Amino acid sequence: MAAGDAVQVRPTRGSLRPLLSGATLIAVLALLFGLPWWTLTVAARWPTPVQAAGTTLFVVALVAFPVLMYLGHGRRRLDAAARAGDTLLGLVWILFVWALIGNVARLPLAAAGVADPARSRYVAAGAAVVAVVLAVWGYAEAMRVPRVRRVDVTIDRLGAGLDGVRVVLLTDTHYGPIDRARWSARTIEVVNGLAPDIVCHTGDIADGTVDQRRAQAAPLGTVQARLARVYVTGNHEYYGQAQGWVDHMRALGWEPLHNRHLVVERGGDRLVVAGVDDVTAASSGVAGHRADHAAALAGTDPQLPVLLLAHQPKQIGDAVAAGVDLQLSGHTHGGQMWPFHYLVRLDQPVVQGLSRHGRTQLYTSRGTGFWGPPFRIFAPSEITLLTLRAG
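Per the UniProt record's numbering, the sequence shown runs over residues 1 to 391.
Structure, rendered in structure tokens:
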């Protein structure tokens with residue numbers, strides 16, 4: 001072959017992946033920003049200055065969004081950029097959802113004889129008003145101290161001495177770019193007021209390192225529990241400093257259940273409290289981290305009831321195989337911003353609440369804090385008080 005001959009190389013699947021990812025991201029952003037823009041400005045046929053102002057606002061937001069997310073969640077991790085980017089994401093999601101619903105509402109308006117441009121202006125105004133109301137309410141819901149959700153769980157193998165044991169579940173606190181140290185302290189005051197026997201944290205403590213979020217996490221060290229304070233990692237620990245958070249929780253007086261267990265006793269009866277790493281731990285590259293149910297339950301008396309901490313509900317299959325009585329999980333946030341729970345359900349077997357899987361029960365919390373966008377819409381946060389009852 002001559003030196004000048006061209007060599008044709010067929011693109012490999014790996015080389016196409018960044019292109020496909022980029023194209024998908026562009027398409028999603030175009031739809032997410034484009035539908036509200038079209039609904040609120042173009043379709044309504046507002047006067048030209050109004051359309052120009054609205055278009056400028058959406059273009060600026062579209063350009064700023066990826067920049068803010070890169071600066072906030074990339075290598076630089078600038079909290080100010082993360083706050084702005086996350087808030088913008090939440091606002092655009094709300095606008096997108098209600099612009100979509102508004103366009104569906106065109107049909108009954110048309111059937112009622114409402115013609116354009118009045119019809120489109122009703123849709124635009126309605127979507128805008130609802131979005132503003134939900135954004136204000138959703139922000140207040142996200143920032144408030146969670147309400148207590150009380151649930152009784154009957155466990156057949158639980159001994160009479162443990163009947164009435166009070167288990168408080170915290171999860172997905174997500175201490176992050178918005179400083180919530182006061183919120184954290186007030187949340188722990190509520191927890192201690194419940195007089196718990198066992199307090200559990202099922203992961204996603206923070207977005208960031210221990211040094212970044214130390215002040216927000218500090219109130220966890222004041223949690224009071226008669227029998228145990230236990231913790232397992234969530235997937236977000238593996239985006240930052242998983243082993244650092246395990247060590248820090250131990251320093252705060254908690255028992256990290258890193259694929260291990262402990263046994264609590266009351267009234268002559270015993271309960272195994274076990275925990276496993278998050279399902280993403282194995283692919284995280286953190287040495288020694290992976291979900292290992294066999295290791296977590298090694299050496300336990302098979303006659304004793306088992307309470308298992310596992311961050312994601314989809315870890316329930318391994319819990320069933322291991323003979324666990326009750327698994328406590330978080331991760332889903334209950335969807336956090338309606339109607340996102342429909343997408344969560346594609347990945348998880350349960351979005352929230354108590355469910356049964358064979359003889360194993362699963363309780364999935366809606367989460368104590370929030371991730372990313374500071375909004376909770378039709379998915380309130382919770383501090384869960386589970387009272388265990390003997391069967």
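The C-beta atom is built at its ideal place from N, Cα and C for all residues, glycine as well. Model, not experiment: these values are computed from the prediction.
> If you compare alpha carbons, which of ASN259, ASP86 and LEU62 is closest to residue 430?
Replying inline: Any property of residue 430 remains undetermined from this structure, which presents the chain solely from 1 to 391.
> Alpha carbon to alpha carbon, what distance is there between VAL279 and GLN315?
Replying inline: So the alpha carbons of these two residues sit roughly 7 Å apart.
>> With the cut-off set at 8 Å, would you say THR39 and ALA124 are in Cβ contact?
In response: Yes.
>> For a test of the three-state rule: what should DSSP assign to VAL148, helix, strand or coil?
In response: Reduced to three states, the DSSP call for VAL148 is strand.
> Thinking just about the alpha-carbon of each residue, which of VAL210, LEU271, VAL273 and ARG226 is nearest to the one in ASN242?
Replying inline: The sequence given here has Ala at residue 242, not Asn. In terms of Cα proximity to ALA242, the closest of VAL210, LEU271, VAL273 and ARG226 is VAL210.
> By Cβ distance, which residues of its chain are closer than 7 Å to PRO66, with the 5 residues on each side in sequence left out?
Replying inline: Cβ neighbours of PRO66 beyond the five flanking positions: none.
> Does DSSP put ALA2 in a helix, in a strand, or in coil?
Replying inline: The predicted position of ALA2 is uncertain, since its pLDDT is 44 and thus under 50; a value taken from the coordinates is nonetheless stated next. Of the three classes helix, strand and coil, the one that applies to ALA2 here is coil, per DSSP.
> If you follow the beta strand (DSSP E) that GLN315 is part of, which residue opens it and which one closes it?
Replying inline: Following the DSSP letters along the chain, one finds GLN315 in no beta strand (DSSP E), marked with neither H nor E.
> Going by the CB atoms, is the gap between VAL272 and VAL306 shorter than 8 Å?
Replying inline: For VAL306 and VAL272, yes; Cβs fall inside 8 Å.
>> Nearest by alpha-carbon distance to LEU308: which of ALA282, MET249 and ILE155 is it?
In response: The shortest C-alpha to C-alpha distance from LEU308 to any of ALA282, MET249 and ILE155 is the one to ILE155.
> Assuming ARG195 and ASP269 make a contact with CB atoms under 8 Å, what is their CB distance in whole Å?
Replying inline: One point to set straight first is that residue 195 is Ala, not Arg, in the sequence displayed. Contact between ALA195 and ASP269 is ruled out by a C-beta separation of about 19 Å, above the 8 Å threshold.
> What three-state label does DSSP hand ILE155 in the structure shown?
Replying inline: Note: ILE155 maps to strand in three-state DSSP.
>> Shorter than 7 Å, the distance from the beta carbon of TRP37 to the closest heavy atom of the ligand ATP, or not?
In response: The ligand ATP is not part of this structure, which contains no ligands at all.
> Rounded to whole angstroms, how far is the Cβ of GLY267 from the Cβ of LEU162, which I believe are closer than 8 Å?
Replying inline: A Cβ-Cβ distance of about 7 Å is found for the pair GLY267 and LEU162, placing them in contact under the 8 Å criterion.
>> I'd like to check one pair, GLN327 with THR360: are the Cβ atoms closer than 8 Å?
In response: For THR360 and GLN327, yes; Cβs fall inside 8 Å.
> Curious, which full-length beta strand (DSSP E) runs of at least 3 residues does the stretch 255-323 contain?
Replying inline: Taken in chain order, the complete beta strand (DSSP E) segments of 3 or more residues contained in the stretch 255-323 are 260-266, 269-275 and 306-309.
>> Let me confirm a value: GLN224 is counted as buried when at least 16 other C-beta atoms fall within 10 Å, else exposed. Which label applies?
In response: With fewer than 16 neighbouring CB atoms inside 10 Å of its own CB, GLN224 falls in the exposed class.
> Assuming ARG106 contacts ARG119 under a Cβ cut-off of 8 Å, what Cβ separation, rounded to an integer in Å, is found between them?
Replying inline: About 6 Å separates the CB atoms of ARG106 and ARG119; that is less than 8 Å, so the two are in contact.
> Which whole runs of the alpha helix (DSSP H) in the stretch 63-138 are 4 residues long or more, in chain order?
Replying inline: For the stretch 63-138, the full-length alpha helix (DSSP H) segments reaching 4 residues or more read 79-104 and 106-111 along the chain.
> In its own chain, which residues sit with a C-beta less than 6 Å from the C-beta of residue 399, not counting the 5 before and 5 after it?
Replying inline: It is not possible to answer for residue 399, since the shown part of the chain is limited to 1 through 391.
> Which residue's Cα is closest to the Cα of GLY285: HIS293, PRO313 and GLU237?
Replying inline: Comparing C-alpha distances from GLY285 to each of HIS293, PRO313 and GLU237 shows the shortest one belongs to GLU237.
> With 16 other CB atoms within 10 Å as the buried threshold, where does GLY176 fall?
Replying inline: GLY176 comes out buried.
> Should ALA99 be labelled buried (16 or more other beta-carbon atoms within 10 Å of its own) or exposed?
Replying inline: Classification of ALA99: buried, given that the 10 Å Cβ count is 16 or more.
>> Which residue marks the beginning of the alpha helix (DSSP H) containing ALA181, and which one marks its end?
In response: That run of the alpha helix (DSSP H) goes 181-193.
> Under the rule that 16 or more other beta-carbon atoms within 10 Å means buried, what is GLN336, buried or exposed?
Replying inline: Its Cβ being crowded by 16 or more others within 10 Å, GLN336 is buried.
> With DSSP run on the structure shown, which of helix, strand or coil describes VAL327?
Replying inline: Per the sequence shown, residue 327 should be read as Gln rather than Val. In this structure, DSSP gives GLN327 an extended state, which the three-state scheme calls strand.
>> DSSP three-state label for GLN336, please.
In response: If DSSP states are grouped into helix, strand and coil, GLN336 belongs with coil.
> If you drop the 5 nearest sequence neighbours on each side, which residues of the same chain put their C-beta closer than 8 Å to that of ARG260?
Replying inline: Only ALA274, GLY275, ALA295 and ALA296 meet the Cβ criterion.
>> Alpha carbons only, please: which of LEU354, GLY22 and GLN312 is nearest the one belonging to VAL344?
In response: The shortest Cα separation from VAL344 among LEU354, GLY22 and GLN312 belongs to GLN312.
>> Can you find the residues in the same chain that come closer than 8 Å, C-beta to C-beta, to VAL92, ignoring five residues on each side of it along the sequence?
In response: Cβ neighbours of VAL92 beyond the five flanking positions: LEU32, PHE33, PRO36, ALA61 and PHE65.
> For GLN352, does the three-state DSSP call read helix, strand or coil?
Replying inline: Coil, per DSSP.
> To which residues of the same chain is LEU385 closer than 6 Å at the C-beta, ignoring the five residues directly before and after it?
Replying inline: Annotation for LEU385: VAL148, ARG150, VAL168 and LEU194 place their beta carbon closer than 6 Å to its own, counting only its chain and skipping 5 residues before and after.
> Between which two residues does the beta strand (DSSP E) containing ALA228 stretch?
Replying inline: Looking at the DSSP string, the run of the beta strand (DSSP E) that includes ALA228 is 228-231.
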